[in-house]
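Heads up, the sequence shown is in the numbering used here, so the first residue is 5 and it goes up one at a time.
Below: one structure, written as structure tokens.
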Amino acid sequence: MTTNDSNPLLRPATTLPAFDEIRPEHVVPGIRALVKEVEGMLEALEREVNPHGASWDSLVDPIERMQDRLGFGFGIVDHLMSVRNSPPLREAYDEVEPEVVKLVTRIGQSQPIYRGLVALRAQASAGKDLDPAQRRVVDKLIQEAELSGVGLEGAARERFQQIRLELAELSTRFGNQLLDATKAFALDLTKSEDIEGLPASFLEMAAQAARAAGNETATAAAGPWRVTLDGPSYTGFMKHARRRDLRETLYRAHIRRASEGSLDNRPLVDAILRLRLEEAKLLGFETYADLSLSRKMAGTVASAEKLLEELLSASHGAAVRDLEEVRAFMIEHGAAADSAEIRHWDVPYWSERLREARYDYSEEQIRKFFPLPRVLDGLFALAKRVFAVEVTAADGEAPVWHPDVRFFKVRSLDGEEIAAFYLDPYSRPAEKKGGAWMNELVGRSRIFAPAGRKARLPVAYLICNGSPPVDGSPSLMTFREIETLFHEFGHTLQHMLTRVDLGLASGIRNVEWDAVELPSQFMENWCYHRDTLVGLSEHVETKTPLPDELFEKIRASRTFQAGLATLRQLNFGFLDLELHHRFVPGGPQTPFDVQRKVAARATVIPPIPEDRFLCAFSHIFQGGYAAGYYSYKWAEVLSADAFAAFEEAGLERTEAVAETGRRFRETVLALGGSESPMEVFKRFRGREPTTEALLRHSGLAY
Ligand SMILES: [Zn+2]
């Protein structure tokens, strides 16, 4: 039994969560109590709001207080669902999630609050009270209220509420089924011919997985080895396993994940698309994509598709040439004549061989130079050089949810504390969601300022799924894992280095979806800068830095198969827009027909007939990227163009980098959602963005 007095989920957002105390049994009573408390706040605000003379302090501050109180407690549970998933936690989450969604919808649909906000905006138009940042917050709150159905009455309103609840449940179920389906498959290998080509580190990981599955005597040298659909295992195997039939088996299992039996996401895909369209129509939009784009920087489906088309015409020919190169290489290097047709499960393997032949290095060779602790030191040194902040380990100063999790503090160079973040670096397939992400625990905010301070300081979660340390040696990072870490650190920087004190516009809050990847993708560019990358390196055995010659190969390989890589993202981007814009749920076509239609333009090997990728497309069916996947490319244009400002200043010129970094920090990182993203970009760059730098970096410029 737990009482609310001792429930760690109910502690105020001024303390760090007691991850060492939180148990699944705290979730139901804790979240119920929070919901009740926030309902009380909502009712008080609705009673007191003056629709004719609302002020910022009496209306917007209380809105932030409600969002923060609920978001803090439920955010912790949400976070644990992603990093410490378990049946009891899931059960508790499923029980209370509808109540939270209902309350959030109720706040969003509150007529008294909406009328108060409209009145506040009208007063501000008369030139009173609000500064431009506050004005933007109010505009966005009004827009979000309208998109939350505030204008709906009677049956339409009820139906809208029901759709919201159903969608939340469906996307949670989509994710859980995907996780379970990923866990349910394993390829247990026992013979030495099964593992030909696999690097030693992979075999160690596979033996460890076999031991975790109960095969206690498994070793890297003698097996058995367990290969799974978890990210590092799947991609490692597809790149290195010489056995084509086993790659095919693994590919087919991966592409069919969560598409049959008791873990079938197909009905969920249908239901989600149908409900989203209905939701959009209730709000007066033609399609769900129109709804989604109305709150984004791109603004319209047409402008998002225009950018994708521009990139498609620059990359399709290159992708065809990329594939032809791989095919020629495969045939030349001994693929049997009867299997000379290149298939999906050949591409990663033969691409990796071609890369090794051309650039004469292997991913394995590179990894040895990048033990995680060393990479972190180098990353923090970069943050100091470019953004003038000091990152220091503060392990032990915050409870954590797993022994591998680290805690760091961020200070200005004169020692002032600015922010903190947790880092959860390794993959834990049994309980942790795949991929990498940044999430906020708390944001910078004036109204939660502790005594003697101007604002509450931001705290972030930085989550990666890197290869775990094996048998005592540190985690060795692939180049891709380093890029991912830089990417998520970019998000973390925007959350932490904000100078906005309005809680509803600080950090990444209030930033349009398609602009939010600017700082993250910007940071990836540094991985291709010699001094930076060499600064991250120290060979795990010889302790030597990455040699110049190896760096040059990495840099040259950046544009390797850029056509195929670009096309892959464009395919997802087009598919997502097509499903949410032109697809008719319940009509003659299925979502899988749409997938094939899009693939005909935006892939170079058509999907195999049993391809069920949509059942694992968690970005758009579980995460928030619905009718927004294009934003990766949209933001990449912004981020490449932003990095070009550093190139123009001279990457080797310390002072020029620091000066440009100061400008980047004062605009993109500091202003967050307090100004429109186009204005923020222009403040930094002095002009609107162009695709030139992205095409140049990708080797796709004419
Ligand atoms: Zn990102």
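We put the CB at the ideal spot given by N, CA and C, even for glycine.
Query	Result
Rounded Cβ spacing between Asp294 and Ala284 (contact assumed at less than 8 angstroms)	7 angstroms
Through-space distance from Gln166 to Met5, alpha-carbon basis	Residue confidence is low: Met5 scores 44 on pLDDT, short of 50, so the model does not pin down where it sits. No coordinate-derived value is stated.
Cβ-Cβ distance between Phe493 and Cys531 below 7 angstroms	no
Continuous beta strand (DSSP E) stretch holding Glu394: start and end	Val393 to Ala397
DSSP three-state assignment for Ile422, whether helix, strand or coil	strand
CA-to-CA distance, Leu14 to Thr239, given in whole angstroms	41 angstroms
Beta-carbon separation (whole angstroms), Arg371 vs Thr482, contact threshold 8 angstroms	6 angstroms
Contact under 7 angstroms by Cβ, Glu614 with Arg260	yes
Per DSSP, the bridge partner or partners of Ile467	Asp428 and Trp441
Sub-7 angstroms separation of Glu401 and Phe412 beta-carbons	no
Closer than 6 angstroms: Ser62 CB and nearest ligand 1 heavy atom	no
Touching by the beta-carbon criterion (3+ pairs, under 8 angstroms), the segment 151–171 and the segment 98–116	yes
Cβ pair count under 8 angstroms reaching 3, the segment 552–570 against the segment 666–680	no
Residue nearest to Asp518 in terms of C-alpha spacing, selected from Val351, Tyr633 and Glu313	Tyr633
Euclidean distance between Cα positions of Leu445 and Ile80	7 angstroms
Chain-order list of residues whose beta-carbon lies under 7 angstroms from that of His623 (same chain, five-residue window excluded)	Tyr629 and Tyr633
Classification of Val520 by the beta-carbon crowding that lies within 10 angstroms, buried from 16 upward	buried
Of the residues Arg73, Phe76 and Met209, the one placed nearest Gly235, counting alpha carbons only	Met209
Counted within 10 angstroms of its Cβ, other Cβ atoms place Ala387 as buried (16 or more) or exposed	buried
Spatial distance of Ala464 from Thr664 (CA atoms)	25 angstroms
Through-space distance from Glu652 to Ala275, alpha-carbon basis	49 angstroms
Beta-carbon proximity check, Val87 vs Lys436, cutoff 7 angstroms	yes
Endpoints, alpha helix (DSSP H) assigned at Val39	Pro28 to Glu52
Whole-number beta carbon distance between Val104 and Leu84, since they are thought to touch under 8 angstroms	With a Cβ gap of about 14 angstroms, Leu84 and Val104 do not count as contacting.
Close Cβ partners of Thr496 (< 8 angstroms) along its chain, the five nearest in sequence each way excluded	Phe425, Met442, Ala464 and Leu466
Sub-7 angstroms separation of His543 and Tyr292 beta-carbons	no
DSSP bridge partner residues for Arg586 (one or two, in chain order)	The partner list for Arg586 (beta bridge, DSSP) is empty, contrary to what the question assumes.
Close Cβ partners of Trp349 (< 6 angstroms) along its chain, the five nearest in sequence each way excluded	Arg251, Glu252 and Tyr255
The segment 162–177 contacting the segment 532–540, beta-carbon criterion three pairs below 8 angstroms	no
Cβ-heavy atom distance, Glu528 to ligand 1, below 6 angstroms	no
Where Glu651 falls: helix, strand or coil (DSSP)	helix
Cβ neighbour criterion (16 or more within 10 Å) applied to His337	exposed
Proximity below 7 angstroms, CB of Pro12 to CB of Ile26	yes
Any non-hydrogen atom of ligand 1 closer than 6 angstroms to Ser524 Cβ	yes
With 16 other Cβ atoms within 10 Å as the buried cut-off, status of Gly288	exposed
Cut-off 7 angstroms between Cβ atoms - residues of its own chain near Glu314, not counting five sequence neighbours on either side	Thr695
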